[in-house]
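The opening residue of the sequence shown carries number 418 in my numbering; numbering runs sequentially from there. For every residue, glycine included, the Cβ atom is placed at its ideal position computed from N, Cα and C. Contents: one structure, followed by commentary.
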Amino acid sequence: MSLLPRTAEEFSSADYWERFFRKRGEKAFEWYGDYNSICGVLHKYIKPRDKVLVVGCGNSELSEQLYDVGYHQLTNIDISETVVSHMNQRNAERRPDLTFQQLDATQTGFESGSFQVGLDKGTLDAMASEEDCALAGSMLAEVGRVLSVGGRYVCVTLAQEHVIKLAVEHFAQGWAVRIHCLSGQQKEESDSSFALPVFVLVCTKFRQAPPSAVLELCQGEDGAPTRLASVPELLSAVKERQAYNLMLHKLRGGTDASSTPSLTLCHAATGRPRYTLTVQDSLPSAKLPRSNHFAIFIVPQGRESDWLYGSAEGRTQLASSAKFRRLVIVAMHRDQEYEDMQAVQSELSPMVMELAPPGMPANQQVPFLSVGGDLGWREVIGRGVSALTGEYSVEDVRGEDGHFFRRLIFMNNSQLVQSESRLRSAGTGVVPLCLNSAMFMEQLEIYFSVWSLLLASSAHKKKNKKKSKPSVSDAPALTGVKDRIVDRGFLCCTHHEVMVAGLAMLGMDAINNKDQPVSVLLVGLGGGGLPQFVHDFVPCARVEVVELDPAVLEVAQTWFGFQTDERLNVTLGDGLEHIKTLESEGGHSFDVIMFDVDSKDTTLGMSCPPPAFVETSLLKKVYSLLTPRGLFMLNLVCRDSALRKSVLERVQAVFPCVFSRGIEGEVNEVLLCCRSSGEGHKPHTIPQTLQQTARDLQKTLRANTQTAPCVPQIDITAILNDLKVI
């Protein structure tokens, strides 16, 4: 509104307030909400018998309302002569003991210790608007001086970062500091309300400073105080509450399918993350049942990084299947215990209802949805710290079809599965095949359809059963962690399957030649699933792996069944330097060189590989290390179209023949780069012999299972069907 200051400096200008109150006239101006929204916390800290100094009273009705409920020892001061004169005249008859004085809050002239309470509604915010905050600091010192021991400075504030930092740091030594967040208590339609929450800062004066700072935050007027260890922690907690309220303000303004805000709910006692909530709105054009306003979807434990829940595209598809105006997708955190679905619903209900879309009827029932009806399952079986990547977690989870998987997660990017292997029971040779994404989405559609029918008529039961999602009992029943071993015949990552299938481009003569077995150099170990598969199922193959992080090798050997021998070895070191060394030494050659290494720089548009791995100079060294029949395989993950084009141009400039295989539902693509085109010119189509070679390779892999601990589960022909010439 036009009466608010145009610049921050105007807040602390006496001339500004003179103009402000002359223009405002008789109408009271209530900063940060009216009396009813803050009286609860004020009455908690201010007693009717207390002598109260109201700093910067303005023409607010706050003092008058306090007076009317029994607070008669109020001394009001303000810098504006106009407002002081007006307020004295307004209260002369009805409230003769309510006095207003024109005084500078930085130099009041009152005796030290003469008040039990200093009450401030917005004055600190106004005075702290100057760049150096010197005026506000002087005011805080003056208020502290006139308060008696045990007295309280009670400040209603928006808690802008520089304002609350100034106040908290001023009172942190020798005072107890408590902040109440009164978010959601303002009238949203009022022209004097703010999107930011209102805070009440309460600072209590001690006779003797406590041994450590007393810093607390409370939600609402009666919320239990949470003790914070330091001033930065308290300021951070305040900032989080402000961000949450700004998000609520936006969500209550309407639905927006292009915006997917998220927030983390922490355990009140420990402060550890417990839930992450992501809001997903449906498109305006979506055809939805009229009563489907709002629903909560609980992601099964351990599945939060699945494409359906962990990617923007997946969550959009999930919301489309659910058919609600707004779907809140809830992920549970590791290291937290959850009793059952009912307990989770009870815990979340008060908070998630604040996220409801505008226009939802007050009595609307909000369903909690899940797939399978339970909370899923996750067990953290190992932890550690990498000197290069930080903390990591190894955990077993139950997948969408009931099978069990083992995952390596780095905590600095906990939504990304670094490595994954499927598990089987010790002594079990065959594991049922997983559902693919399309099959799972079909089951999800059926589930939501069944749920809708049940909601519409809970008493009506259908005799004809719908096709249901495979139950957990269909999968191997794994008990203790010792009973779970990695299924080395199953590759969880599609790009690993493509790399294995790409071996068909070497030709069967090369693959079956035991006198000159296939030699592979792989940069990037991960859980070791890819090199172990090649070792186990490609006859006599010799595999050398280069891994930068010793912790990754330890994890692969300890938890992912990775085993080295004379045909499979690991070199710890920088893959770039290793390739340069091999090329400069001479005498080294490989049939296949694979790059499967990710970039730690999240600011780039290419997350795999790091840019240095696709520089022309290095690509030429890779080329020179390949045998004449050699093949270079690159896992490329590039969201920047211009950068992808540049990478492809560099690769094509070095290798005469380049094929690409995209990964459905992912940004990944695998480049298969031949050292020789085979025909003296660049091919424009896939070689006609490749499909037969693929079938032969499939037979060879299966024939080699007699020396491997399990059966290879890969369809090479199907994988190579989608190969494209670049």
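Assigned exposure category for residue i - 16 Cβ within 10 Å defines buried
i, result
"residue 701", "exposed"
"residue 615", "buried"
"residue 932", "exposed"
"residue 721", "buried"
"residue 893", "At residue 893 the pLDDT is 45, less than 50, meaning the model places this residue with poor confidence and gives no usable figure here."
"residue 805", "exposed"
"residue 486", "exposed"
"residue 717", "buried"
"residue 684", "exposed"
"residue 843", "exposed"
"residue 420", "Residue placement at residue 420 is flagged as unreliable, the pLDDT there being 35, under the threshold of 50; the coordinate-derived value follows with that caveat. By the 10 Å Cβ count, residue 420 comes out exposed."
"residue 1106", "exposed"
"residue 522", "buried"
First through last residue of the alpha helix (DSSP H) which encompasses residue i
i, result
"residue 750", "Taken as a continuous stretch (DSSP letters only), residue 750 belongs to no alpha helix (DSSP H), as it is neither H nor E."
"residue 538", "Unbroken run through residue 538 is the beta strand (DSSP E), 532-538; no alpha helix (DSSP H)."
"residue 690", "No alpha helix (DSSP H) contains residue 690, which is instead part of the beta strand (DSSP E) from 690-698."
"residue 622", "Segment 616-622 is the beta strand (DSSP E) holding residue 622; no alpha helix (DSSP H) there."
"residue 950", "946-954"
"residue 480", "479-485"
"residue 499", "498-508"
"residue 453", "452-462"
"residue 801", "Taken as a continuous stretch (DSSP letters only), residue 801 belongs to no alpha helix (DSSP H), being part of the beta strand (DSSP E) at 795-803."
"residue 727", "724-727"
"residue 929", "925-929"
"residue 813", "Element bounds for residue 813: not the alpha helix (DSSP H) but the beta strand (DSSP E), 807-815."
"residue 1128", "Per DSSP, residue 1128 belongs to no alpha helix (DSSP H) and is neither H nor E."
Expected contact under 8 Å - CB spacing of residue i and residue j to nearest Å
i, j, result
"residue 937", "residue 1008", "7 Å"
"residue 672", "residue 569", "Actually they do not touch by this definition, with Cβ atoms about 43 Å apart."
"residue 1065", "residue 1023", "Rounded, the Cβ-Cβ distance is 12 Å, inconsistent with contact."
"residue 695", "residue 681", "The Cβ separation is near 10 Å, so there is no contact."
"residue 1029", "residue 993", "6 Å"
"residue 599", "residue 463", "Contact flag wrong, Cβ pair sits at about 16 Å."
"residue 517", "residue 563", "Rounded, the Cβ-Cβ distance is 17 Å, inconsistent with contact."
"residue 1093", "residue 1073", "7 Å"
"residue 781", "residue 710", "6 Å"
"residue 765", "residue 747", "7 Å"
"residue 797", "residue 751", "6 Å"
Delimiting residues of the beta strand (DSSP E) encompassing residue i
i, result
"residue 597", "592-598"
"residue 1047", "1043-1055"
"residue 573", "564-574"
"residue 469", "469-472"
"residue 1063", "From DSSP, residue 1063 is part of no beta strand (DSSP E) but of the alpha helix (DSSP H) over 1058-1071."
"residue 525", "Residue 525 -> no beta strand (DSSP E), and no H or E assigned at all."
"residue 769", "Element bounds for residue 769: not the beta strand (DSSP E) but the alpha helix (DSSP H), 758-769."
Cβ shell of residue i (< 8 Å), same chain only, five flanking positions each side left out
i, result
"residue 1042", "938, 996, 999, 1000, 1005, 1006, 1007, 1010"
"residue 642", "595, 633, 634, 635"
"residue 943", "825, 835, 836, 969, 973, 1013"
"residue 468", "490, 492, 531, 532, 533, 534"
"residue 1056", "1022, 1023, 1024, 1084"
"residue 525", "470, 494, 559, 563"
"residue 1040", "1049, 1071, 1072, 1092"
Own chain residues within Cβ distance below 6 Å of residue i, not counting five before or after
i, result
"residue 724", "731, 1082"
"residue 1077", "1086, 1088, 1141, 1143"
"residue 914", "908, 1131, 1136"
"residue 799", "811, 976"
"residue 906", "1127, 1128, 1129, 1130"
"residue 540", "472, 473"
"residue 617", "458, 573, 597"
"residue 530", "565"
"residue 593", "621, 631"
"residue 1115", "1133"
"residue 1111", "921, 1133, 1134, 1137"
"residue 1109", "none"
Same chain only: Cβ atoms within 7 Å of residue i, ignoring 5 sequence neighbours per side
i, result
"residue 712", "739, 741, 744, 783, 784, 786"
"residue 1067", "1031, 1033, 1036"
"residue 479", "452, 538"
"residue 987", "942, 962, 964, 970, 981"
Residue i Cβ short of 7 Å to the ligand FAD heavy atom set
i, result
"residue 680", "In the structure on display, the ligand FAD does not appear, and there are no ligands present to speak of."
Discussion item. Under 8 Å: do the stretch 568-586 and the stretch 549-559 share three or more Cβ pairs, one atom per stretch?
Written reply: The stretch 568-586 is in contact with the stretch 549-559.
Discussion item. Under 8 Å: do the stretch 500-517 and the stretch 528-545 share three or more Cβ pairs, one atom per stretch?
Written reply: Short answer: they don't touch.
Worksheet item: Counting Cβ pairs, one atom from each stretch, are 3 or more of them under 8 Å apart for the stretch 813-825 and the stretch 895-904?
Response: Counting Cβ pairs under 8 Å, three or more are found: they touch.
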